[in-house]
Every structure is written in C-alpha cells, then in structure tokens.
Amino acid sequence: MLSVHAPVPGTAVGLSEVSDPVFGQGMVGPGAAIEPAREPHEAIAPISGTVVKLHAHAFVIADEQGRGVLVHLGIDTVRLDGKGFEKLAEEGEQVAAGAPLIRWNPADVQEEGYSPIVPVVALDADGDVISRAVTGEVAKGEQLFQWA
Amino acid sequence: MAERRVKVGGKVGLHARPAALFVQTAAEVEGEVTVAKGDSPPVSAKSVLAVMGLDVRHGDEIVINVGGDDPEAVLDRLVEIANAD
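Residue numbers (our numbering), protein chains in the order written: chain D, 49 to 196; chain G, 34 to 118.
This is the structure we're talking about:
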C-alpha cells in the first residue's frame with residue numbers, strides 16, 4: 049500500500065472538480081486534486097522515489113515499483129514558461145516524501161489568469177486501486193489517498 | 034507493424050495533456066505500440082509514466098511503431114495528437 053501525501057496545503061476535492069477534461073475525466077489516471085492555499089509555499093514530493101520529471105509547473109515521482117505520481121501545479125500553467133516557479137530539486141534525484149521540489153505562489157498563478165488547482169494523479173493506475181481519498185482541508189504532507 | 038518518424042509540432046511537446054491523449058489512443062490498440070525519442074530505446078506508448086519520462090519537446094523527432102489491425106489509421110491519430118496544440 050502506497051500512501052500518497054498532499055504536495056500542497058489547501059482543500060482536497062475530487063479530480064472531477066478540475067476543469068481540464070484530461071484530468072477531470074481521469075484520462076491521465078485516478079487521484080485527487082487540491083485547491084491550494086493562496087500563499088507562497090514549497091510543493092513537496094507526495095511519495096518517496098525518483099524525480100522522473102521536474103518541470104517548473106509539474107513533476108513526476110516514481111517509486112522503485114514503477115508507480116508514478118504526477119503533480120501538476122495549476123491548469124495550463126506550462127504557458128507561464130516557468131515564470132513564478134522555482135525548482136528546488138533535479139531530475140534523477142532520489143527524494144523522500146515531503147522533500148521540497150518547487151516554490152510557487154498560487155495567488156500569482158490566479159492573477160495571471162490560470163486556475164492554480166493541483167491535480168495529484170496515479171499514473172497508469174486503474175480507478176479502483178485508489179482508496180481513502182480525503183476531502184476538505186488538508187495540510188501539506190498529510191495523506192491524500194492510498195494506492196493499493 | 035507500421036512505423037512513422039515525425040517531428041513533434043505541438044508547442045508543449047508530449048507533456049501532460051497530449052501525453053494522456055497519446056496514451057489513451059495507443060491503449061485502444063490490441064497489438065504493441067511503442068514510441069522512441071530519436072534513436073533512443075523505444076518505450077511502451079501505453080504508459081503515461083513512460084511517455085512523460087521520454088520528455089519529448091516541441092521539435093523533437095519521435096519514432097512511433099504500431100502493431101495490431103490497421104496500424105496506419107492509428108499512426109495518423111497519434112501523429113495528429115503529437116502535432117496538436
């Protein structure tokens with residue numbers, strides 16, 4: 049059982065709350081989303097593993113069993129081209145759950161006209177392997193859902 | 034089995050959205066579907082993790098291989114996704 053932790057503080061909601069259908073309809077995979085607190089913070093690794101991808105606005109961590117978790121900081125934020133995001137780790141690095149990966153401010157993303165909602169997705173997983181997804185207020189590092 | 038080599042025209046490359054669409058289309062094929070960046074080893078095009086891990090960016094050349102029935106039609110769709118914005 050893999051415990052996937054909240055990478056950002058805020059309010060946990062279902063993935064279906066994400067306006068982008070690729071996330072909202074679970075096309076990337078099942079998971080949860082967090083409406084992040086509108087204050088500067090460091091997004092953290094939701095699981096321990098290897099930093100497979102680290103973009104300014106999104107990252108993927110995979111554990112040794114190949115289970116990959118995608119965290120996307122806001123919707124369409126690739127168009128910000130890194131503006132307002134600071135990478136705190138490197139691709140290929142081994143990190144523990146809770147390690148800081150990106151510094152950002154959801155309030156700034158919102159001001160730029162983008163939704164700062166944060167989908168947290170279990171890549172290549174079937175919907176029924178995700179359980180105990182929390183909703184409501186969630187602290188950074190708290191369990192967001194379990195991946196069987 | 035059919036192969037196609039294309040330059041990715043999509044502005045963000047095969048990132049979250051196009052990667053998901055790409056994998057969803059590949060997953061519908063009964064046979065094997067692989068994608069490689071340039072001459073690097075091919076990975077399964079049915080895995081979001083594998084496709085995102087390739088880090089295909091705008092202008093990169095990818096090689097797609099499709100098995101199963103009617104691979105050319107599948108290749109057409111995959112190339113369309115890789116080039117869409």
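For every residue, glycine included, the Cβ atom is placed at its ideal position computed from N, Cα and C.
Reduced DSSP category for residue i - H, G, I as helix; E, B as strand; rest coil
i, result
"G175(D)", "helix"
"E138(D)", "coil"
"P104(G)", "helix"
"E90(D)", "strand"
"A81(D)", "strand"
"V76(D)", "coil"
"V157(D)", "helix"
"A170(D)", "strand"
9 angstroms Cβ cutoff, residue i in contact with chain G
i, result
"H89(D)", "no"
"A80(D)", "no"
"D174(D)", "no"
"L63(D)", "no"
"V126(D)", "yes"
"V70(D)", "yes"
"G114(D)", "yes"
"K131(D)", "no"
"A93(D)", "no"
Beta-carbon proximity of residue i to residue j, cut-off 9 angstroms
i, j, result
"V182(D)", "E141(D)", "no"
"P154(D)", "P55(D)", "no"
"A147(D)", "I82(D)", "no"
"A137(D)", "L149(D)", "yes"
"H48(G)", "A110(D)", "no"
"P167(D)", "L50(D)", "no"
"V108(D)", "L108(G)", "no"
Residue i at chain D interface by Cβ criterion, 9 angstroms
i, result
"V81(G)", "yes"
"R111(G)", "Rather than Arg, the amino acid found at residue 111(G) in this sequence is Leu. For L111(G), the answer is no, since every Cβ of chain D falls outside 9 angstroms of its Cβ."
"D93(G)", "no"
"G86(G)", "yes"
"A59(G)", "no"
"L47(G)", "no"
"A53(G)", "yes"
Proximal chain G residues relative to residue i, where beta-carbon distance stays under 7 angstroms
i, result
"H34(D)", "Residue coverage of chain D in this structure runs from 49 to 196, which leaves residue 34(D) outside it and unanswerable."
"L171(D)", "V81, L82"
Contact set between residue i and chain D, taken where Cβ atoms lie within less than 8 angstroms
i, result
"V107(G)", "Neighbours of V107(G) on chain D: none; closest Cβ ~17 angstroms, over 8 angstroms."
"R50(G)", "D68, V70"
Chain G residues whose Cβ lies nearer than 9 angstroms to that of residue i
i, result
"K135(D)", "What K135(D) touches in chain G: nothing, since even the nearest Cβ is about 15 angstroms away."
Neighbouring residues, chain G, relative to residue i (Cβ below 8 angstroms)
i, result
"A106(D)", "H48, A49"
"G77(D)", "V81"
Minimum length 3: unbroken beta strand (DSSP E) runs contained in the stretch 102–132 of chain D:
106–110, 116–120
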